[in-house]
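The number in my numbering is simply the position in the sequence shown, starting from 1, with 57 added.
Glycine residues also receive a C-beta, built at the ideal position from the N, C-alpha and C atoms.
Some notes on the structure that comes next.
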Amino acid sequence: MTLVLGIESSCDETGVALLCDKRGVLAERLKSQSVHSQYGGIVPEAASREHVRDLPRLTKQCLADAAVNASDITLVAYAAGPGLLGALMAGAFFARSLATVWQIPAIGIHHMEGHVLTPLLETRIDEPFVALLVSGGHSQLVDVKRIGQYKLLGETRDDAVGEVFDKVAVMLGLGYPGGAALARLAQRGRADAYHFTRPMSKDNTLDMSFSGLKTQVRYLVRDLCADEQVLSNQQKADIAASFEQAAIDVLVRKCTQALKKTKHNTLVIAGGVSANLRLRTALNQQSQINGWRLLFPELHLCGDNGVMIAYAGLLRYQAGKRDNADISLHPRWPLQDVRY
Ligand code: KG4
Ligand code: ZN
């Protein structure tokens, strides 16, 4: 039996999980840091401090939830990048210290590889496939030739799509991070109330652009609020729905192009924005039309969590990968540089 302790601390969630190769997820704990909302963005130093404070407690809780002893654990997997350096350090030092004391190996995991693999935890599929990675820091299309071999097909040239959801949410007074709140508000709005152009959706590359969409929303809000007018709740919902539809149209078109280009017939979507229900519905429709297979993570595993790191660690371990004892962190780390 292989039992992996997974530690995620790359940004503003502290995630810990215990995953068993035979029995699946035995325990998972997640702490989303609320300290940043008052600043309207992530404060790196505060994130590190909270990871340091919360990791021991969450780990103890996981061991208790799963009723396992530390001596049963085979491996500690931790996020080694990309992410905030101080936040990664907090998790890496904690993970490496445990592994040293317990005399077991530790493996540094690419955070985005964790996202890509999460949907495969429930449903094993054969490679190759296309992965759409959409989070607060990334918007990428990746050709997964096999697990551990990733080729970047295209990515955003400016803001990540989750980042733009968060910024539009702030414009509509929904707080930070507001992607999920914006999606909820959009359910009450009309997606055709306002017209936004879909940047780069018709060009031949698989690159994307979202900052122009954000600017279109900013100008619309400015115009609607001229002469000290205040947005009505219906206007806010209509803006949310129209923006969301525009962003999703871009993603769906790019996925369609990526599957055509690679000739793969499976699409995996992952990362925080993969929780978006309108995106899921739109991709489901496209999959039915085109005969693709479509995989999402379970809703609660779309955002950052310890399970995804544990699972990527388990697959690496099973493939015979072992890290040496160095702590090597990569705040910027292209997924295609991951090696098996
Ligand atoms: O993967 P994740 O938890 O963290 C990063 O690695 O960035 O993704 C977080 C992002 C945030 O930008 C958040 O607003 C967005 O995912 N998000 C959503 C939804 N839920 C979370 N965006 C759109 N619709 C949602 N339902
Ligand atoms: Zn993430």
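Run the proximity test for residue i: is its beta-carbon closer than 8 angstroms to any non-hydrogen atom belonging to the ligand KG4?
i, result
"Phe267", "no"
"Gly219", "yes"
"Phe353", "no"
"Asn399", "There is simply no residue 399 to check, as the chain begins at 58 and stops at 397 in what is shown."
"Ser192", "yes"
"Asp215", "no"
"His167", "no"
"Val309", "no"
"Leu189", "no"
"Ala226", "yes"
Please check the pair residue i and residue j, which I expect to be a contact at CB under 8 angstroms, by giving their CB distance rounded to whole angstroms.
i, j, result
"Gly140", "Ser67", "3 angstroms"
"Ala339", "Leu210", "With a Cβ gap of about 19 angstroms, Ala339 and Leu210 do not count as contacting."
"Ala134", "Ala149", "The Cβ separation is near 11 angstroms, so there is no contact."
"Gly328", "His167", "Actually they are not in contact, since the Cβ atoms of Gly328 and His167 sit about 13 angstroms apart, beyond 8 angstroms."
"Glu70", "Asp361", "4 angstroms"
"Thr131", "Thr59", "5 angstroms"
"Leu239", "Ala226", "4 angstroms"
"Arg350", "Ile182", "7 angstroms"
Is residue i near the ligand ZN, in the sense that its beta carbon is under 8 angstroms from a heavy atom of that ligand?
i, result
"His172", "yes"
"Cys119", "no"
"Ser196", "no"
"Asp223", "no"
"Gly360", "yes"
"Cys68", "yes"
"Gly205", "no"
Whole angstroms is fine: what's the gap from residue i's alpha carbon to residue j's?
i, j, result
"Thr213", "Asp129", "43 angstroms"
"Ala103", "Pro354", "29 angstroms"
"Leu120", "Met257", "48 angstroms"
"Pro388", "Gln375", "26 angstroms"
"Ser154", "Ala163", "9 angstroms"
"Asn261", "Ser331", "24 angstroms"
"Asp264", "Gln90", "31 angstroms"
"Val411", "Leu277", "No statement about residue 411 is possible, as the shown extent of the chain runs from 58 to 397 and does not include it."
"Met169", "Leu142", "16 angstroms"
"Asn126", "Thr272", "53 angstroms"
"Asp284", "Asp223", "26 angstroms"
"Ser105", "His93", "12 angstroms"
Starting from residue i, follow the beta strand (DSSP E) in both directions and report where the run begins and ends.
i, result
"Phe186", "Phe186 to Val191"
"Glu355", "Unbroken run through Glu355: none, as it is neither H nor E."
"Lys208", "Gln206 to Glu212"
"Gly165", "Ala163 to His167"
"Gly72", "Glu70 to Cys77"
"Ile305", "Looking at the DSSP string, Ile305 is not in any beta strand (DSSP E); the run it does join, the alpha helix (DSSP H), is Asn290 to Thr319."
"Ile326", "Thr323 to Ala327"
"Leu263", "Unbroken run through Leu263: none, as it is neither H nor E."
"Ile346", "First-last for Ile346: Leu334 to Asn347, but that is the alpha helix (DSSP H), not the beta strand (DSSP E)."
"Gly63", "Leu60 to Glu65"
Between which two residues does the alpha helix (DSSP H) holding residue i run?
i, result
"Lys271", "Ser268 to Leu281"
"Ala240", "Gly236 to Ala243"
"Ile366", "Gly363 to Gln375"
"Asp200", "First-last for Asp200: Ser196 to Arg203, but that is the beta strand (DSSP E), not the alpha helix (DSSP H)."
"Arg86", "Counting along the chain, Arg86 falls outside any alpha helix (DSSP H), though it belongs to the beta strand (DSSP E) covering Gly81 to Ser89."
"Ala137", "Taken as a continuous stretch (DSSP letters only), Ala137 belongs to no alpha helix (DSSP H), being part of the beta strand (DSSP E) at Leu132 to Gly138."
State whether the stretch 246 to 255 contacts the stretch 285 to 304, with contact taken as three or more CB pairs (one from each stretch) at a distance under 8 angstroms. yes
Below 8 angstroms, can you find three or more Cβ-Cβ pairs linking the stretch 226 to 234 to the stretch 89 to 103? yes
Segment contact, 8 angstroms Cβ cut-off, at least three pairs: the stretch 342 to 352 with the stretch 196 to 209: no
Using a Cβ distance threshold of 8 angstroms, determine whether the stretch 170 to 189 contacts the stretch 318 to 335, with at least three qualifying pairs required. yes
So, do the stretch 82 to 96 and the stretch 107 to 115 have three or more beta carbon pairs nearer to each other than 8 angstroms? yes
Check whether the stretch 146 to 161 touches the stretch 370 to 384, counting contact only when three or more Cβ pairs, one atom from each stretch, lie closer than 8 angstroms. yes
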